[in-house]
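J.:
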Amino acid sequence: MEHLTEKFISAEKIYDGKILKVHRDTVMLPNNREATREVVDHPGAVAVVPILDDGRIVLVKQFRYPIGKVTLEIPAGKLDNNEDPEECVARELREETGYVAKQMIKLTSIYTAPGFTNEIIHLYIARDLVKKEVCPDEDEFVDVEIYTPSDINTMINNSTITDAKTLIGLLLAGR
0 MEHLTEKFIS AEKIYDGKIL KVHRDTVMLP NNREATREVV DHPGAVAVVP
50 ILDDGRIVLV KQFRYPIGKV TLEIPAGKLD NNEDPEECVA RELREETGYV
100 AKQMIKLTSI YTAPGFTNEI IHLYIARDLV KKEVCPDEDE FVDVEIYTPS
150 DINTMINNST ITDAKTLIGL LLAGR
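Each step along the sequence shown adds one to the number in numbering that gives the first Met the number 0, with nothing skipped, and position 96 is 95.
1. I'd like to know if the region 148 to 168 and the region 82 to 96 are in contact, where contact means that at least 3 CB-CB pairs between them fall below 8 Å.
2. Should LEU166 be listed as close to the ligand GDP, given that the test is whether its C-beta is under 7 Å from any heavy atom?
3. Taking only the alpha-carbon atoms, compute the straight-line gap between PHE115 and VAL39 and give it to the nearest angstrom.
4. Compare the beta carbon distance of ILE167 and ILE109 with 8 Å and say whether it is the shorter of the two.
5. According to DSSP, ALA100 sits in a beta bridge with which residue or residues?
6. Using the rule of at least 16 other Cβ atoms within 10 Å of the residue's Cβ for burial, across every protein chain shown, is THR107 buried or exposed?
7. VAL133 and VAL59 - do their beta-carbons sit closer together than 8 Å?
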């Protein structure tokens with residue numbers, strides 16, 4: 000694989016924000032030529048497919064400012080500094096839906112767009128759910144909605160559900 004590897008030379012900080020950082024790196028290509036890579040550093044995230052005892056799936060509807068649309072998604076959230084993904088996924092599930100899972104199973108981890116970001120999302124499935132109070136972040140506004148697997152398939156086929164982590168999570172949960 001050495002013939003595919005790029006080697007780091009230097010980095011220039013472009014932006015250092017609350018959620019992400021951006022830097023421009025100079026790298027040495029396998030053919031010994033230099034190139035520039037713009038990279039978005041992200042702390043990572045979790046997402047969970049909550050499945051009720053009757054097989055229905057809990058989703059959240061929320062406005063996503065970057066695309067200017069309301070989306071239908073599985074509950075998800077950013078990892079806090081040095082936070083364990085299993086703690087984060089339990090917290091996000093409770094904050095966004097009010098559910099607590101007695102059983103949390105890791106499905107996989109995915110890179111969202113490895114061409115320009117190191118963001119990784121740890122995907123889980125939650126079962127044996129117990130309903131508690133919803134505890135959203137003060138800047139988070141979500142509606143909790145519950146759908147049958149048949150409804151989910153229809154919404155995937157008619158492009159109502161378009162969020163990538165949600166599509167992958169639902170696909171893997173259905174195996």
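Idealized CB from N, CA, C, for every residue including glycine.
T.: Taking the definition as stated:
1. no
2. Questions concerning the ligand GDP fall outside what the structure shown contains, since it holds no ligand whatsoever.
3. Counted from its first residue, the sequence shown places residue 115 at position 116. Counted from its first residue, the sequence shown places residue 39 at position 40. Those two C-alpha atoms are separated by around 6 Å.
4. Indexing the sequence shown from 1 puts residue 167 at position 168. Indexing the sequence shown from 1 puts residue 109 at position 110. Against a cut-off of 8 Å, the Cβ pair of ILE109 and ILE167 comes out as a contact.
5. Looking up residue 100 in the sequence shown gives position 101. Looking at the DSSP assignment, ALA100 forms a beta bridge with LEU128.
6. In the sequence shown, residue 107 corresponds to position 108, counting from 1. Exposed.
7. Position 60 of the sequence shown, counted from the start, is the residue given in the question as residue 59. Position 134 of the sequence shown, counted from the start, is the residue given in the question as residue 133. Result no, Cβ atoms of VAL59 and VAL133 do not sit closer than 8 Å.
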